[in-house]
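J.:
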Amino acid sequence: MLEHDYLVRVERAHGLPRGRRQASHRHAGSLMFRDVQYDDLELVVELDGRLFHGSVRARDRDMDRDLFAAVDGSETLRLGWGQVFDRPCATARGVAAVMRRRGWTGALRTRPTCG
Numbered sequence: 000m001l002e003h004d005y006l007v008r009v010e011r012a013h014g015l016p017r018g019r020r021q022a023s024h025r026h027a028g029s030l031m032f033r034d035v036q037y038d039d040l041e042l043v044v045e046l047d048g049r050l051f052h053g054s055v056r057a058r059d060r061d062m063d064r065d066l067f068a069a070v071d072g073s074e075t076l077r078l079g080w081g082q083v084f085d086r087p088c089a090t091a092r093g094v095a096a097v098m099r100r101r102g103w104t105g106a107l108r109t110r111p112t113c114g
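Okay, here's the thing in structure tokens:
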């Protein structure tokens, strides 16, 4: 649900480029999946809902994924429920700023509900 709503409320609604969903990546022999990967920008967005990211073990795996993404040259943005549901406009502005810093030249689309 969180991944779908990021696509609809943040990415698509604000004209951000479409990332690759559940992008498989192999590091040190382990197969990992990234929630959203923007290949050309070397940017990863991980969407952390409480259902799958609430335990110490799950959080530890999340940090491993972030570390391995950085080793490979990618930056990771870790977003949760509040960023997607409560503050999608501010989240889109933040994601767009990081994307611009990493080479995106597109235009952020502002929705009428954005302040």
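Using numbering that gives the first Met the number 0, you'd call the opening residue of the sequence shown number 0 and step up by one each time. All residues carry an ideal CB built from backbone N, CA and C; glycine is no exception.
#1: For HIS24, name the three-state secondary structure that DSSP assigns.
#2: What does a CB cutoff of less than 6 angstroms around HIS13 pick up in its chain, not counting 5 residues either side in sequence?
#3: For a quick check, are the C-beta atoms of VAL7 and GLY18 less than 8 angstroms apart?
#4: Kindly indicate which three-state DSSP category GLU74 falls into: helix, strand or coil?
#5: Looking only at DSSP bridge pairs, what is MET31 linked to?
#6: If you drop the 5 nearest sequence neighbours on each side, which residues of the same chain put their C-beta closer than 6 angstroms to that of GLN82?
#7: Is the distance from the Cβ of VAL44 to the Cβ of LEU66 below 8 angstroms?
#8: Tell me, please, which residues DSSP counts as bridged to VAL44.
#9: Going by DSSP, what residues sit across from ARG19 in a beta bridge?
#10: Evaluate ARG11 with the Cβ neighbour count: other Cβ atoms within 10 Å of its Cβ, from every protein chain shown; 16 or more gives buried, anything less gives exposed.
#11: Any idea what DSSP makes of THR90, helix, strand or coil?
#12: State the DSSP-derived secondary structure class of ARG145, mapped to helix, strand or coil.
T.: Once the coordinates are examined:
#1: For the purposes of this step, residue 24 is identified with residue 25 of the sequence shown, where counting begins at 1. Residue state for HIS24 is assigned as strand, using DSSP reduced to three classes.
#2: Along the sequence shown, read from residue 1 onward, the residue named residue 13 stands at position 14. Taken in chain order, the residues that qualify are ALA91, LEU107 and ARG108.
#3: Taking the first residue of the sequence shown as 1, we reach residue 7 at position 8. Taking the first residue of the sequence shown as 1, we reach residue 18 at position 19. Cβ atoms of VAL7 and GLY18: not closer than 8 angstroms.
#4: Position 75 of the sequence shown, counted from the first residue, corresponds to residue 74. DSSP places GLU74 in strand when its eight states are reduced to three.
#5: Along the sequence shown, read from residue 1 onward, the residue named residue 31 stands at position 32. Paired residue(s): HIS24.
#6: What you label residue 82 is simply residue 83 of the sequence shown in a count that begins at 1. These residues qualify, in order along the chain: THR90.
#7: The residue labelled residue 44 in the question sits at position 45 within the sequence shown. The residue labelled residue 66 in the question sits at position 67 within the sequence shown. Inclusion of VAL44 and LEU66 in the CB contact set at 8 angstroms is not warranted, their separation being larger than that value.
#8: Residue 44 sits at position 45 when you count from the first residue of the sequence shown. VAL35 and LEU76.
#9: Within the sequence shown, residue 19 is the residue found at index 20, counting from 1. Under DSSP, ARG19 forms a beta bridge with GLN36.
#10: Taking the first residue of the sequence shown as 1, we reach residue 11 at position 12. Here ARG11 is exposed: its Cβ has fewer than 16 other Cβ atoms, across all protein chains shown, within 10 Å.
#11: In the sequence shown, residue 90 corresponds to position 91, counting from 1. In the structure shown, THR90 sits in a helix (DSSP, three-state: H, G or I).
#12: As shown, the chain starts at 0 and ends at 114. That puts residue 145 outside it, with no answer to give.
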